[in-house]
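Beneath this line is the structure, given in structure tokens, with notes to follow.
Number of protein chains: 2
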Amino acid sequence: MPIANQPQPVWQEAAIASVVNLVQAADGDFGVIDKLSEVMSNPDSLQSMFNYLTDLPEGKRALQERPRVGAVDLQTLSQLPIDSFGYAYSQHMLANHLKPIQAGPVETDLQYIGAHITETHDIWHVITGCNTSIFGELQLEAFYVAQLHATRFWLALLTKNLFKAVVYDIEISGQYMEAICQGWQIGKQAKPLFGTPWQQLWQQPLSAIRAELEIERAED
Amino acid sequence: MPIANQPQPVWQEAAIASVVNLVQAADGDFGVIDKLSEVMSNPDSLQSMFNYLTDLPEGKRALQERPRVGAVDLQTLSQLPIDSFGYAYSQHMLANHLKPIQAGPVETDLQYIGAHITETHDIWHVITGCNTSIFGELQLEAFYVAQLHATRFWLALLTKNLFKAVVYDIEISGQYMEAICQGWQIGKQAKPLFGTPWQQLWQQPLSAIRAELEIERAED
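Protein sequence lines, in the order shown, are assigned to chains A and B. Numbering of the first sequence is given in the numbering used here, commencing with residue 1 and proceeding in unit increments. Numbering of the second sequence is given in the numbering used here, commencing with residue 1 and proceeding in unit increments.
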């Protein structure tokens, strides 16, 4: 499979269209987000992330061991101590009416990167302390950009949100920029989250995991 | 003139098209930047900035006194002491083959806002220490967003640059984010630059003006 560093014109047009469609879409239209994910998760983009991750000790180990979150029972996790990561995760999921995502089997490194990022997204919300408001999502999008180095999907979501502010709600731009820069700083300072074997950590105190990963939030 | 807080659909479509055209345009195509400026400088957008600026003591005074940069002779400024603002400005303009922009007469507050921002752009480059590389431009775009509160034009330029990174050069995204967050922080911390009577300050030391405006750069 040839990996070109320069995206091709046909892909570029599709990428532009997928962002514009999301700018124009109603909130909660998951079809356009799926389309964005499909376009932005092309081999070029995953290869860029792969190249970066394999240069990190944590990323290299994760790609060798390929830890998976596996089946998650929220009711069981909600019985854990209230300071535990598992309890915090269960409360986050239940409060937001979310179900744990399982991304299916993988064969290649690039498939693993995609699956792991998909199935750990809600975990990253909890670990980083980014809530599910638009401001929390923007923090987390910038956190992803900081942590994954060359992630078209997350930078496209961040860009889409700024684009929406330009077109529909410029008064919100300051809060958006603040959220982005907070997420960026936290993501730059933290150790790499990619590849963490979260399934082994449910019983650990959330604060201890955050300290270990050097996730520092101004409000903590 | 009715000022609607919600942009109208026809304007929204034009705004989206003007950003996309810039994403697709070749570097240095000033026609598409002029078109972006025309679309983003609509009365709604200028009114949002006006509302913000009149709430600031510096902004209110500037709108009353309407200081203008006036005619600038780069050769004369280049004879000033080398630590002066005027000397630094002249060197910036000469090194970048730029000519001072004069924005013409104004009658209304909104016209003044547009004209003042246009004719002080190169001055803001010098005062903030943002160079004319893409990284310096991104820093300055974020600085504008921090200082002008609700500026569609500058947020659109920033968004366009992130959009280009998504589509054409994702490897650059970290440097772009770093530049944006630096510019945002400097802009948030600094006193308002809008309305500064620059034409009275050519002979002042650049460092003294920066200190007065509380512009602090990590590398200073």
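Note that the Cβ used here is the ideal one computed from N, Cα and C, for glycine as well.
Check: By Cβ distance below 6 angstroms, which residues in the same chain neighbour A:Leu22 in space, the five residues on each side in sequence not counted?
Finding: Walking along the first sequence from the start, residue 22 of chain A turns up at place 22. For A:Leu22, where only same-chain residues beyond five positions count, the Cβ hits under 6 angstroms are Val32, Leu36 and Lys160.
Margin query: Residues in the same chain with beta-carbon distance under 7 angstroms from A:Leu158, minus the five sequence neighbours each way, listed in chain order, please.
Written below: Counting from one through the first sequence, the residue named residue 158 of chain A turns up at place 158. The answer, listed in chain order, is Leu138, Glu141, Ala142, Val145 and Ile180.
Next item on the list: Using beta-carbon positions only, say whether A:Leu201 and A:Phe30 come within less than 8 angstroms of one another.
Entry: Taking the first residue of the first sequence as position 1, residue 201 of chain A is located at position 201. Taking the first residue of the first sequence as position 1, residue 30 of chain A is located at position 30. Cβ atoms of A:Leu201 and A:Phe30: not closer than 8 angstroms.
Margin query: Rounded to the nearest angstrom, what separates A:Phe135 and A:Gly195 at their Cα positions?
Written below: Position 135 of the first sequence, counted from the first residue, corresponds to residue 135 of chain A. Position 195 of the first sequence, counted from the first residue, corresponds to residue 195 of chain A. Rounded to the nearest angstrom, the two C-alpha atoms are 25 angstroms apart.
Next item on the list: Measure the Cβ-Cβ separation of A:Leu155 and B:Ala25 and say whether it is below 8 angstroms.
Entry: Here residue 155 of chain A refers to the residue found at position 155 when the first sequence is read from its first residue. Here residue 25 of chain B refers to the residue found at position 25 when the second sequence is read from its first residue. It is not a contact, given that the beta carbons lie outside the stated cut-off.
Next item on the list: May I have the straight-line CA-CA distance separating B:Gln91 from B:Gly129, to the nearest angstrom?
Entry: By 1-based counting over the second sequence, the position of residue 91 of chain B is 91. By 1-based counting over the second sequence, the position of residue 129 of chain B is 129. Each residue's Cα considered, the two are about 13 angstroms apart.
Notebook entry, point to check: In whole angstroms, what is the alpha-carbon distance linking A:Val72 and A:Ala95?
Noted result: Your numbering for residue 72 of chain A matches position 72 in the first sequence. Your numbering for residue 95 of chain A matches position 95 in the first sequence. C-alpha separation (whole angstroms): 16 angstroms.
Notebook entry, point to check: Nearest CA to the CA of B:Val19: which residue from B:Pro197, B:Met40 and B:Asn131?
Noted result: For this step, residue 19 of chain B is matched to residue 19 along the second sequence. Nearest option by C-alpha distance: B:Met40.
Notebook entry, point to check: What is the rounded straight-line gap between the Cα of A:Asp122 and the Cα of A:Ala115?
Noted result: Residue numbering aside, residue 122 of chain A sits at position 122 when the first sequence is read from its first letter. Residue numbering aside, residue 115 of chain A sits at position 115 when the first sequence is read from its first letter. Answer to the nearest angstrom: the Cα atoms are 13 angstroms apart.
Check: Between which two residues does the alpha helix (DSSP H) carrying A:Leu63 extend?
Finding: On the first sequence, position 63 is the one that residue 63 of chain A refers to. Residues Pro57 to Glu65.
Check: In whole angstroms, what is the alpha-carbon distance linking A:Thr232 and A:His125?
Finding: Any property of residue 232 of chain A remains undetermined from this structure, which presents chain A solely from 1 to 220.
Note to self: At the level of alpha carbons, what is the spacing between A:Pro43 and A:Tyr176?
What the structure shows: Taking the first sequence and counting its residues from 1, one reaches residue 43 of chain A at position 43. Taking the first sequence and counting its residues from 1, one reaches residue 176 of chain A at position 176. So the two alpha carbons sit approximately 30 angstroms from each other.
Next item on the list: Determine whether the Cβ of A:Thr159 lies closer than 8 angstroms to any Cβ atom of chain B.
Entry: The residue you call residue 159 of chain A lines up with position 159 of the first sequence. True, the Cβ-Cβ gap to chain B drops below 8 angstroms.
Checklist line | Uninterrupted beta strand (DSSP E) stretches inside the region 149-179 of chain B (no shorter than 3 residues) | finding: none
Item checked: A:Gly104 to A:Gln64 span [Cα, whole Å] -> Counting from 1 along the first sequence, the entry for residue 104 of chain A is found at position 104. Counting from 1 along the first sequence, the entry for residue 64 of chain A is found at position 64. Those two C-alpha atoms are separated by around 18 angstroms.
Check: If you measure from the CB of B:Tyr112, is any heavy atom of the ligand MN nearer than 7 angstroms?
Finding: Although the ligand MN was asked about, the structure shown includes no ligands whatsoever.
Checklist line | Supposed contact pair A:Ser45 and B:Ile170 - C-beta distance, whole angstroms, cut 8 angstroms | finding: On the second sequence, residue 170 of chain B is found 170 positions in, with the first residue counted as 1. On the first sequence, residue 45 of chain A is found 45 positions in, with the first residue counted as 1. Indeed, because the Cβ distance is near 7 angstroms, the residues count as touching under 8 angstroms.
Notebook entry, point to check: Between A:Ser133 and chain B, is there a C-beta pair that is closer than 8 angstroms?
Noted result: Walking along the first sequence from the start, residue 133 of chain A turns up at place 133. Closer than 8 angstroms: no.
Checklist line | Neighbour flag for B:Pro2 against chain A, beta carbons, 8 angstroms | finding: Along the second sequence, read from residue 1 onward, the residue named residue 2 of chain B stands at position 2. Residue placement at B:Pro2 is poorly supported in this model, since its pLDDT is 40, which falls under 50; the coordinates are not used for a value here.
Next item on the list: Evaluate B:Thr120 with the Cβ neighbour count: other Cβ atoms within 10 Å of its Cβ, from every protein chain shown; 16 or more gives buried, anything less gives exposed.
Entry: In the second sequence, residue 120 of chain B corresponds to position 120, counting from 1. B:Thr120 should be labelled buried.
Item checked: chain A residues whose Cβ lies nearer than 8 angstroms to that of B:Pro7 -> Along the second sequence, read from residue 1 onward, the residue named residue 7 of chain B stands at position 7. Within chain A, the residues near B:Pro7 are Val167 and Tyr168.
Margin query: Quick check on B:Gly28: buried or exposed, where buried means 16 or more other Cβ atoms within 10 Å of its Cβ?
Written below: Translated into the one-based positions of the second sequence, residue 28 of chain B becomes position 28. Burial call: exposed.
Notebook entry, point to check: What are the start and end residues of the alpha helix (DSSP H) that includes A:Ile16?
Noted result: Taking the first sequence and counting its residues from 1, the one referred to as residue 16 of chain A is at position 16. Segment Pro9 to Gln24, the alpha helix (DSSP H) holding A:Ile16.
Notebook entry, point to check: The alpha helix (DSSP H) spanning A:Val126 covers which residue range?
Noted result: Residue mapping note: residue 126 of chain A aligns to position 126 of the first sequence, counting from 1. Start and end: His121 to Thr128.
Notebook entry, point to check: Around the C-beta of B:Ala88, are 16 or more other C-beta atoms found within 10 angstroms, so that it is buried, or is it exposed?
Noted result: Counted from its first residue, the second sequence places residue 88 of chain B at position 88. Looking at its Cβ environment, which holds 16 or more other Cβ atoms inside 10 Å, B:Ala88 is buried.
Next item on the list: Take B:Ile3 and list the residues in its own chain whose beta-carbon comes closer than 8 angstroms to its own, dropping the five residues that flank it on each side.
Entry: Residue numbering aside, residue 3 of chain B sits at position 3 when the second sequence is read from its first letter. For B:Ile3, the predicted structure reports a pLDDT of 46, less than 50, and the residue's modelled location is therefore unreliable. The matter cannot be settled from this model.
Note to self: Going by DSSP in three states, A:Ser221 sits in which element: helix, strand or coil?
What the structure shows: Chain A is shown from 1 up to 220; residue 221 of chain A falls before or after that span and cannot be answered.
Next item on the list: Say whether chain A places a C-beta atom closer than 8 angstroms to the C-beta of B:Leu138.
Entry: The sequence position of residue 138 of chain B within the second sequence is 138, counting from 1. With 8 angstroms as the cut-off, B:Leu138 does not count as an interface residue toward chain A.
Next item on the list: For A:Gly70, count neighbouring Cβ atoms within 10 angstroms of its own Cβ and tell me buried if that reaches 16, exposed if not.
Entry: Taking the first sequence and counting its residues from 1, one reaches residue 70 of chain A at position 70. So A:Gly70 ends up on the exposed side.
Check: In its own chain, which residues sit with a C-beta less than 6 angstroms from the C-beta of A:Lys191, not counting the 5 before and 5 after it?
Finding: The sequence position of residue 191 of chain A within the first sequence is 191, counting from 1. If we look at A:Lys191 and ignore the five residues flanking it on each side, its Cβ neighbours are Leu213 and Glu214.
Notebook entry, point to check: So B:Leu148 packs on A:Leu162, CB below 8 angstroms; how close in whole Å?
Noted result: By one-based count along the second sequence, residue 148 of chain B stands at place 148. By one-based count along the first sequence, residue 162 of chain A stands at place 162. That belief does not hold up - the Cβ atoms of B:Leu148 and A:Leu162 are roughly 15 angstroms apart, past 8 angstroms.
Check: Under three-state DSSP, which class holds A:Ser84?
Finding: Taking the first sequence and counting its residues from 1, the one referred to as residue 84 of chain A is at position 84. In this structure, A:Ser84 counts as strand in the three-state DSSP scheme.
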